[in-house]
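*Asks:*
Protein chains in written order, with our numbering: chain A, 1 to 249; chain B, 1001 to 1132.
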């Protein structure tokens, strides 16, 4: 058991400050455990979002030492402290940063913009026909996109992306990865609908491959690679459109 | 884009030099090359009307830029251009969806090639300068 300092950004956009809370941790204490300890034992007014506590719901992503992480799966013992003061490790906790997230209070941000962008790429199966029964798929076809289905929409990729943070109109890595996930699905027939959306200058071509999204993703799904593959699809789509080849619209 | 937002370019989160920092350097070297192009065109603009003046202005300018400090600056400029070029080629290949999983290794290979190119070109330029 050791005591550490949690330095938490408190307040709202009109008035905010960093407040220190000293908490005890053990080897397997997560950052989220630390936040619950603060709320239950020190300051009941602390606001943060959390639900499943097992990296499934994507609610608890925050900036931990200036790096976006899902706090339920981040152990204090596995990350470096931001600094050491009076012999105690200091961990800085802030709300998710970036244009896609509107800060509401303490560690809570509004995901509206983030989900609007996600919705805009049509992240669902689109069929031109109305099939009866199951849509069959081989394991090989499933493997093409399976890893991308693990996205929990926590927003860590978007908070890490330097382009998302500097350009509020950019669709962002989460939405683009979702677009590629459905384009790569053999059961889907809406590829061109999505490509028309993501081929926009604020779509996949705005990505400059800094790969920060892949570094931040807690599920290790590598959004950066998905976006580059989407660019190849987008380029083929645009060329087909220019030369009026079947497949472009 | 507001200038303050571009600060996010340097608020790096990446674990690897080949990701976030490579991105930042690529942007900064791009700006340096753009600035150099403006200076280059401004210098060349001295040739306008050179026929009537005999090009004396431009000859004087050439004497200045052929001095050792300017040659040293040129060599630094080569480093910037080779970095931007080598990383740019990596990005183009990666953006075709090739080698994205091995991007760290790919980055260092391209950097090694860029440095070899920079050393070779610097050697040629310094050699030419010493024998001029």
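C-beta: ideal position from N, C-alpha, C; glycine also.
From a predicted model like this one, the values you see are computed outputs, not experimental measurements.
(1) Below 8 Å on the Cβ atoms is my contact criterion, and I expect residue 114/A with residue 174/A to pass it. Report the Cβ-Cβ distance as a whole number of Å.
(2) List, from N- to C-terminal side, the alpha helix (DSSP H) runs of 4 residues or more that fit wholly inside the region 172-225 of chain A.
(3) Can you tell me whether residue 11/A is buried or exposed? The criterion is at least 16 other CB atoms within 10 Å of its CB, across all chains shown.
(4) Residues of the region 204-235 of chain A in Cβ contact with chain B at a cutoff of 7 Å, in chain order, please.
(5) Can the beta-carbon of residue 90/A be found less than 8 Å from the beta-carbon of residue 25/A?
(6) Find out if the Cβ-Cβ distance for the pair residue 1132/B, residue 1075/B is shorter than 8 Å.
(7) Per DSSP, what kind of secondary structure is residue 20/A in: helix, strand or coil?
(8) Ends of the beta strand (DSSP E) at residue 11/A?
(9) Comparing C-alpha positions only, which one of 21/A, 197/A, 102/A, 206/A sits nearest to residue 123/A?
(10) What are the residues of the region 1075-1103 of chain B that lie near chain D, defined by any Cβ-Cβ distance shorter than 7 Å?
(11) Output yes or no for whether 8 Å exceeds the beta carbon distance between residue 93/A and residue 219/A.
(12) With DSSP as the reference, label residue 227/A as helix, strand or coil.
(13) Given that residue 1108/B touches chain A, what residues does it touch there, using C-beta distances under 8 Å?
(14) Hey, which unbroken runs of the alpha helix (DSSP H) at 4 residues or more fall wholly within the region 1038-1108 of chain B?
(15) If we count the other Cβ atoms within 10 Å of its Cβ and call it buried at 16 or more, is residue 1073/B buried or exposed?
(16) Assuming residue 1099/B contacts residue 212/A under a Cβ cut-off of 8 Å, what Cβ separation, rounded to an integer in Å, is found between them?
(17) Would you please state the rounded distance, in angstroms, between the beta carbons of residue 118/A and residue 178/A? I believe it to be under 8 Å.
(18) Just checking residue 203/A against the ligand HEM - is the residue's beta carbon closer than 7 Å to any of the ligand's heavy atoms?
(19) Exposed or buried, what is residue 188/A when buried is set at 16 or more other beta-carbons lying within 10 Å of its beta-carbon?
(20) Any beta carbon from chain A within less than 8 Å of residue 1025/B's own beta carbon?
(21) Can you look up residue 79/A in the DSSP assignment and give me helix, strand or coil?
(22) Under 6 Å Cβ to Cβ from residue 159/A, same chain only, skipping five residues before and after it: list those, please.
(23) Taking only beta carbons into account, state which residues of the region 136-169 of chain A come closer than 7 Å to chain B, listed in chain order.
(24) What is the rounded straight-line gap between the Cα of residue 1045/B and the Cα of residue 1060/B?
(25) Hey, how far is the Cα of residue 1006/B from the Cα of residue 168/A?
(26) Starting from the C-beta of residue 42/A, find all residues in its chain whose C-beta is less than 7 Å away, skip the five residues before and the five after it, and write them out in chain order.
(27) Give me the chain A residues within the contact set of residue 1020/B, using Cβ-Cβ distance strictly less than 9 Å, ordered along the chain.
(28) Considering residue 61/A, what are the terminal residues of the beta strand (DSSP E) in which it resides?
(29) Contact between the region 1078-1098 of chain B and the region 1112-1130 of chain B: three or more CB pairs below 8 Å?
(30) State yes or no: is the C-beta of residue 234/A within less than 8 Å of the C-beta of residue 195/A?
(31) Evaluate residue 162/A with the Cβ neighbour count: other Cβ atoms within 10 Å of its Cβ, from every protein chain shown; 16 or more gives buried, anything less gives exposed.
(32) Residues of chain A with CB closer than 8 Å to the CB of residue 1045/B, please, in chain order.
(33) Let me know if residue 1009/B comes out buried or exposed under the rule of 16 or more other beta-carbons within 10 Å of its beta-carbon.
(34) Using the DSSP secondary-structure output, state which residues sit across from residue 85/A in a beta bridge.
(35) Taking DSSP as the reference, what is the three-state secondary structure of residue 108/A?
(36) Let me confirm a value: residue 84/A is counted as buried when at least 16 other C-beta atoms fall within 10 Å, else exposed. Which label applies?
*Replies:* Checking against the coordinates, here is how it stands:
(1) 7 Å between Cβ atoms; contact.
(2) Here the runs fully enclosed are 173-183, 191-198, 212-216.
(3) With fewer than 16 Cβ atoms within 10 Å of its Cβ, residue 11/A is classed as exposed.
(4) Answer in chain order: 208, 209, 210, 211, 212, 215, 216, 224, 225, 228, 229, 231, 232.
(5) Between residue 90/A and residue 25/A, the gap from beta carbon to beta carbon reaches 8 Å or more.
(6) It is not a contact, given that the beta carbons lie outside the stated cut-off.
(7) DSSP places residue 20/A in strand when its eight states are reduced to three.
(8) Taken as a continuous stretch (DSSP letters only), the beta strand (DSSP E) holding residue 11/A covers 2-12.
(9) When only C-alpha atoms are compared, the closest one is 197/A.
(10) In the structure shown, chain D cannot be found, because the protein chains are A and B.
(11) Remark: C-beta atoms of residue 93/A and residue 219/A do not approach each other more closely than 8 Å.
(12) In the structure shown, the three-state DSSP call for residue 227/A is helix.
(13) Result: empty, since nearest Cβ-Cβ is about 14 Å, beyond 8 Å.
(14) As far as the region 1038-1108 of chain B is concerned, its whole alpha helix (DSSP H) runs of at least 4 residues are 1050-1053, 1056-1065, 1068-1095.
(15) Residue environment: residue 1073/B is assigned as exposed (fewer than 16 neighbouring CB atoms within 10 Å of its CB, all protein chains considered).
(16) With a contact defined as Cβ atoms closer than 8 Å, residue 1099/B and residue 212/A miss out at about 18 Å.
(17) Approximately 6 Å separates the beta-carbon atoms of residue 118/A and residue 178/A; this is inside 8 Å, confirming the contact.
(18) The ligand content of the structure shown is nil, which means the ligand HEM is not present either.
(19) Residue burial is scored here from C-beta neighbours: residue 188/A has at least 16 other C-beta atoms within 10 angstroms and is therefore classed as buried.
(20) Among the residues facing chain A, residue 1025/B is not included, as its CB has no counterpart in that chain under 8 Å away.
(21) Looking at residue 79/A - three-state DSSP - the assignment turns out to be coil, as it is neither helix nor strand.
(22) Within the same chain, residue 159/A has close Cβ partners 68, 96, 97, 98.
(23) Listed by position along the chain: 160, 162, 165, 166, 167.
(24) As the crow flies, the alpha-carbon of residue 1045/B is around 14 Å from that of residue 1060/B.
(25) Taking the Cα positions, residue 1006/B is about 12 Å away from residue 168/A.
(26) Cβ neighbours of residue 42/A beyond the five flanking positions: 21.
(27) Result: 160, 162, 210, 211, 212, 215.
(28) Here the beta strand (DSSP E) through residue 61/A covers 61-64.
(29) Of all C-beta pairs linking the region 1078-1098 of chain B to the region 1112-1130 of chain B, three or more are shorter than 8 Å, placing the two stretches in contact.
(30) Residue 195/A sits close to residue 234/A, with the two beta carbons spaced by under 8 Å.
(31) Result: buried.
(32) Listed by position along chain A, the residues whose Cβ is nearer than 8 Å to that of residue 1045/B form an empty set, because the closest Cβ is around 32 Å away.
(33) Residue burial annotation: residue 1009/B is buried, with at least 16 other C-beta atoms found within 10 angstroms of its C-beta.
(34) Beta-bridge pairing links residue 85/A to 88/A.
(35) It is a strand residue.
(36) Exposed.
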